[in-house]
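Right, one structure below, let's go through it.
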Ligand code: MRU
């Protein structure tokens, strides 16, 4: 099962509910845009490339459900849907990339039926391409890994964060596929534990050796030479910085201090070709994510909280960015990726 896919039988978006893993594996169906947006906001589907597919399927879903029978009204409905989808999560640029790619494609349609068909076909193409892109990216990245390497990663940049295969974990999967013996150290990734819950789960499913650490242990494992390389994913890459799950920046600093290569693996759709570090909105999430864990109160009920979902790592900490177009090394020229 892909992380997210179109269910043609009843025109719904089917996905793995990632909030329940690893305790329970459940697939859910989003029947309308409100359900899909709730799934994005509450991280039932999450991870930048999976969000591109979610956004694209959201437009396909909106086009199917719209009762409009003239092109102008249908396109207006899709414009409204675009605004609703983009308001769910602001940082991962892939969400808007997926939505806008479908909107651009439907502008070629001649009638309402054409709009609906093109929207779904384009969304399917985005989902299919994601798998291929990650495999290509994975192969490029695997050339950076040596037999016997231990790779530290943060959050989940695996198949659950994409349609399939993964970016950072896609590199690991490709290296393993080439016969290399690779071990992974997964940072827990507080507050929502995507590393502890998802990265460990999907690697164990594939029999790839993984050890879990808390985020605060990353300095220890790097200082004690228990890690050879760090590979993370990204939610947005500007000319000057990489945005990824909160905590990434701290790992990058420690990695540089210990001369451990720090790699970012991300498809070209993650690049914000016009953006700079200062122009990017970082999602601030519900304070209760820190005050409670799985419904159990772990801090004073009314303690003020700072809860940014992402941080930015300046380009100088990054050894290379692995994409489907190849490996790019700073000083980083974003135009090289664009072309
Ligand atoms: O809040 P999330 O779980 O959507 O954050 C995900 C990450 O930060 C991932 O590292 C990133 O999206 C890259 S996924 C290939």
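In the numbering used here, the protein residues as written are 1114 to 1452. C-beta: ideal position from N, C-alpha, C; glycine also.
Report task. Kindly examine the ligand MRU and report whether one of its heavy atoms sits closer than 6 angstroms to the Cβ of residue 1268. Result -> Yes - the ligand MRU has a heavy atom lying nearer than 6 angstroms to the Cβ of residue 1268.
Query raised in the report: Are the Cβ atoms of residue 1161 and residue 1210 separated by less than 7 angstroms?
Result: Contact flag unset, no.
Query raised in the report: For the alpha helix (DSSP H) that residue 1142 lies in, which residues bound it at each end?
Result: Under the DSSP assignment, residue 1142 falls outside any alpha helix (DSSP H), being part of the beta strand (DSSP E) whose first and last residues are 1140-1143.
Query raised in the report: Is it buried or exposed for residue 1384, if we count other Cβ within 10 angstroms and need 16 for buried?
Result: By the 10 Å Cβ count, residue 1384 comes out buried.
**Report entry** beta-carbon residue 1357 near the ligand MRU non-hydrogen atom, thresh 6 angstroms
**Finding:** In this structure, the C-beta of residue 1357 approaches the ligand MRU to less than 6 angstroms from one of its heavy atoms.
Query - Extent of the continuous beta strand (DSSP E) run through residue 1119 - result: That run of the beta strand (DSSP E) goes 1117-1120.
Query raised in the report: Between which two residues does the alpha helix (DSSP H) harbouring residue 1162 extend?
Result: Looking at the DSSP string, the run of the alpha helix (DSSP H) that includes residue 1162 is 1161-1178.
Requested in this report: Tell me whether residue 1265 is buried or exposed, calling it buried when 16 or more other Cβ atoms sit within 10 Å of its Cβ.
Outcome: Around the beta carbon of residue 1265, 16 or more other beta carbons sit within 10 angstroms, so the residue counts as buried.
Query raised in the report: Per DSSP, what kind of secondary structure is residue 1316 in: helix, strand or coil?
Result: Residue state, collapsed to three classes: helix.
Query - Neighbourhood of residue 1158 by C-beta distance below 6 angstroms, restricted to the same chain and skipping five residues each side - result: The answer, listed in chain order, is 1117, 1128, 1152 and 1167.
Report task. Report yes if the C-beta of residue 1280 is less than 6 angstroms from at least one heavy atom of the ligand MRU; otherwise report no. Result -> At least one heavy atom of the ligand MRU is nearer than 6 angstroms to the Cβ of residue 1280, so yes.
**Report entry** Cβ-based neighbour list, residue 1305, same chain, cut-off 7 angstroms, excluding 5 preceding and 5 following
**Finding:** Contacts found: 1156 and 1402.
Query - Rounded straight-line distance, which links the Cα of residue 1237 to that of residue 1371 - result: When the Cα atoms are used, residue 1371 and residue 1237 turn out to be separated by approximately 43 angstroms.
Requested in this report: Please indicate yes or no: does the CB of residue 1159 lie closer than 6 angstroms to some heavy atom of the ligand MRU?
Outcome: The nearest non-hydrogen atom of the ligand MRU is less than 6 angstroms from the C-beta of residue 1159.
Requested in this report: Give a single yes or no on whether residue 1121 has its beta carbon closer than 6 angstroms to a heavy atom of the ligand MRU.
Outcome: Not under cutoff, so the answer is no.
Query raised in the report: So is the beta-carbon of residue 1274 under 6 angstroms away from any non-hydrogen atom of the ligand MRU?
Result: Yes, Cβ of residue 1274 sits closer than 6 angstroms to a heavy atom of the ligand MRU.
Report task. Assess, as a yes-or-no matter, whether the stretch 1287-1299 is touched by the stretch 1366-1381 under the definition of 3 or more beta carbon pairs within less than 8 angstroms. Result -> Because the criterion of three Cβ pairs below 8 angstroms is not met, the stretch 1366-1381 and the stretch 1287-1299 do not touch.
Requested in this report: May I ask which residues mark the beginning and end of the alpha helix (DSSP H) holding residue 1448?
Outcome: Note, residue 1448: alpha helix (DSSP H), 1447-1451.
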